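Trainee:
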Amino acid sequence: MSVLREDFLWGGAVAANQCEGAWDLDGKGPSVSDMCTNGSHKVPKRVTAVIEPDTLYPSHEAIDFYHHYKEDIALFAEMGFKTFRTSINWTRIFPTGMEDTPNEKGLAFYEDMFKECKKYGIEPLVTISHYELPFALVEKYNGWEGRELIDYYMNYCKTIFARYEGLVKYWLTFNEINCGMSTFGSILSTGTFKGYSGSMFDVPDRPAERIQALHHMFVASAKAVKYAHENYPDYKLGCMIAFSASYPYTCSPDDVIKNQYEMRKSNWYCGDVHVRGAYPAFAKSIWKQMGGAPKMEEGDEAILLEGKVDFYSFSYYVSSCVTADPEKLKGGGNLFMGVPNPYLKASDWGWQIDPQGLRYTLNELYDRYRIPLMVVENGLGAFDKIEEDGSINDDYRIDYLREHIRQMELAVEDGVDLMGYTPWGCIDLVSASTGEMAKRYGFIYVEKYDDGTGSLARRKKKSFDWYKKVIASNGDDLD
Ligand code: BGP
């Protein structure tokens, strides 16, 4: 007997900018992701202030989901998806973010796509803003540092809430909002990089701007939640956090205290505002470290309290170790890592694989928030090989997912209320951190390569049939 709810939302997740392509078709404007070049594991991608000729921008074609969505959704339905997480590309609806009137062609595209999902009984789960901030808002306002963006975002939300009534019920206000706590993440999330062109790893570090931007995003999110609750009582609104599970590297109290600080900064700061509707007490220590408290207007605190989310969703890929010893940090880790954990193996991209960390995370989250949880991203980015007979034997991916699902089920047995699971990149797509196609997550392979070539044909991987069985048995049959 499955330990999961009968209505457990099995599915998969993508983001518009990483799969749709058609970046300037049918009236769409450029988003921050459209200004990012490709990169690789070793060479960081760049963000450019103008589109450079003869440079590859992976989002411009991506896997051309824009023209393949019927075929792709049919494949999701074949696997038995109950839900499909995708995002709306803000600039398809409002090309600069500042128009009064929405772009009908953009609205119609999503309407058709959501109807296609519904045809198969698939419930769309929609991220309102997933690294798709209109680039014009970066140029004019330094992204979310500008308070004006709250109204633009609300205009966008009101438009899509009204248009997709009856088609969409589950909404996430911002993807991985807590990426705004890091310099690297600021390009794609807060958009506070006005005037900058260059490597994603050399973005000027302006933490006070990010803290201000995040405040505006919190207010925007809360306003959207409040508005939805008042006008569309059946809508469920969630937050989305890139959960960064970390452990103290040793039991030295210095490491423990340092890890507590990192957990607060990376995870609890944003999660607490979304779920509890107020900044946590420790926010003051974060502000001190990041250059000061955000400017707030009268009424902001009340708005935060009135716009608490209905459920908490998060991405989970890795865990890391935190040390207070600068010597141990030398030469270790990558983007997410403090020091490598000697008990864990890592993916080809250096992401440390820790299924038990998911159980730990789910328990920590539920203890703290007591609202339904959903894992809306998880998966293994790996190199896949097409064999001579055309098969793709991605047993490594099956192993990764199986172990994470097992730990998720143990967490449910521990008492966690879990709504669903949507592994990332259910169909191969462009990597957010590197811009590569070679870092594949999908159950469905797409013939598209890092040099921009490829027929765009779709093929099922071995994991396709495996996941189908998992869904059919509601997580009982993981073999
Ligand atoms: C999350 C993002 C996704 C996605 C995923 C995997 O941070 O929400 O957009 O891309 O990570 O990361 P990557 O594509 O860098 O492998």
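Position 452 of the sequence shown, counting from 1, maps to 599 under the numbering used here, and the rest follow consecutively.
Beta carbons: idealized from backbone N, C-alpha and C, even for Gly.
Bear in mind the structure is a predicted one, so any value in this text is a computation, not a measurement.
Going along the chain, which residues of its own chain have a beta-carbon closer than 7 angstroms to the beta-carbon of I404, five neighbours each way excluded?
Mentor: For this step, residue 404 is matched to residue 257 along the sequence shown. Contacts found: none.
Trainee: Excluding five sequence neighbours on each side, which residues of the same chain lie with their C-beta closer than 7 angstroms to the C-beta of V456?
Mentor: As a first step, residue 456 is located in the sequence shown; it is residue number 309 there, counting from the start. So the qualifying residues of the chain are V372, L384, G385, C386, H421 and V422.
Trainee: So is I574 buried or exposed if we call it buried at 16+ other beta carbons inside 10 Å?
Mentor: Reading the sequence shown from its first residue, position 427 is the one you call residue 574. Buried, by the Cβ-count rule.
Trainee: By how many angstroms is the C-alpha of G253 removed from the C-alpha of L272?
Mentor: Start at 1 with the first residue of the sequence shown, and residue 272 comes out as number 125. Start at 1 with the first residue of the sequence shown, and residue 253 comes out as number 106. Distance between the alpha carbons of L272 and G253: 18 angstroms.
Trainee: In terms of DSSP beta bridges, what is C468 paired with?
Mentor: Mapped onto the sequence shown, residue 468 falls at position 321. According to DSSP, which records beta bridges pairwise, C468 is partnered with Y394 and V486.
Trainee: Given 6 angstroms as the limit, tell me if Y511 has its C-beta closer than that to any heavy atom belonging to the ligand BGP.
Mentor: Along the sequence shown, read from residue 1 onward, the residue named residue 511 stands at position 364. As written in the sequence, residue 511 is Glu, which differs from the Tyr given in the question. E511 Cβ: outside cutoff for every heavy atom of the ligand BGP.
Trainee: Residues bridged to M387 by DSSP?
Mentor: Against the sequence shown, residue 387 aligns to sequence position 240. Its beta-bridge partners are S460.
Trainee: Alpha helix (DSSP H) containing L565: first to last residue?
Mentor: Translated into positions along the sequence shown, residue 565 becomes position 418. Premise fails: L565 lies in the beta strand (DSSP E), L565 to Y568, not in any alpha helix (DSSP H).
Trainee: Is the distance from the Cβ of T230 to the Cβ of E167 below 7 angstroms?
Mentor: Taking the first residue of the sequence shown as position 1, residue 230 is located at position 83. Taking the first residue of the sequence shown as position 1, residue 167 is located at position 20. Their beta carbons are not under 7 angstroms apart, which means T230 does not touch E167 by this criterion.
Trainee: For the candidate residues A355, A209 and F458, whose alpha-carbon lies nearest to that of D419?
Mentor: Position 272 of the sequence shown holds residue 419. It is F458.
Trainee: Any heavy atom of the ligand GTP closer than 6 angstroms to the Cβ of K316?
Mentor: By its list of ligands, the structure shown excludes the ligand GTP, since it contains just the ligand BGP.
Trainee: Got a sec? Which residues, its chain only, sit under 7 angstroms from F611 by beta carbon, not counting five neighbours each side?
Mentor: One-based indexing of the sequence shown puts residue 611 at position 464. Correct list, in chain order: M226, F590 and I591.
Trainee: Going by DSSP in three states, I574 sits in which element: helix, strand or coil?
Mentor: By 1-based counting over the sequence shown, the position of residue 574 is 427. Three-state DSSP puts I574 in a strand.
Trainee: How many angstroms separate the CA atom of E251 from the CA atom of T238?
Mentor: One-based indexing of the sequence shown puts residue 251 at position 104. One-based indexing of the sequence shown puts residue 238 at position 91. Our two residues, E251 and T238, have alpha carbons roughly 12 angstroms apart in a direct line.
Trainee: Quick check: what's the CA-CA separation for G439 versus R353?
Mentor: Residue numbering aside, residue 439 sits at position 292 when the sequence shown is read from its first letter. Residue numbering aside, residue 353 sits at position 206 when the sequence shown is read from its first letter. Distance between the alpha carbons of G439 and R353: 11 angstroms.
Trainee: Can you give me the Cβ contacts of R294 inside the same chain, cut-off strictly under 8 angstroms, excluding the 5 residues immediately before and after it?
Mentor: On the sequence shown, position 147 is the one that residue 294 refers to. Hits under 8 angstroms: H363 and E444.
Trainee: How is Y426 classed by DSSP in three states: helix, strand or coil?
Mentor: Counted from its first residue, the sequence shown places residue 426 at position 279. It is coil, neither helix nor strand.
Trainee: Regarding E323 and the ligand BGP, is the C-beta to nearest heavy atom distance less than 6 angstroms?
Mentor: Working through the sequence shown from its first residue, we reach residue 323 at position 176. It does: the Cβ of E323 is within 6 angstroms (strictly closer) of some heavy atom of the ligand BGP.
Trainee: If we call anything under 7 angstroms between Cβ atoms a contact, is E627 one with A160?
Mentor: Outside the shown range of the chain, which is 148 to 626, sits residue 627, and nothing can be said about it.
Trainee: Around the Cβ of L156, are there at least 16 other Cβ atoms within 10 angstroms (buried) or fewer (exposed)?
Mentor: For the purposes of this step, residue 156 is taken as the residue at position 9 of the sequence shown. Burial of L156 is indicated by the presence of at least 16 other C-beta atoms within 10 angstroms of its C-beta.
Trainee: Shorter than 6 angstroms, the distance from the beta carbon of K586 to the closest heavy atom of the ligand BGP, or not?
Mentor: As a position in the sequence shown, residue 586 is number 439, starting the count at 1. It does: the Cβ of K586 is within 6 angstroms (strictly closer) of some heavy atom of the ligand BGP.
Trainee: Grouping DSSP H, G and I as helix and E and B as strand, with all else coil, what is G168?
Mentor: Against the sequence shown, residue 168 aligns to sequence position 21. In this structure, G168 counts as coil in the three-state DSSP scheme.
Trainee: When DSSP builds the beta bridges, which residues end up paired with C183?
Mentor: The residue you call residue 183 lines up with position 36 of the sequence shown. DSSP, once it has assigned bridges, lists V194 as partnering C183.
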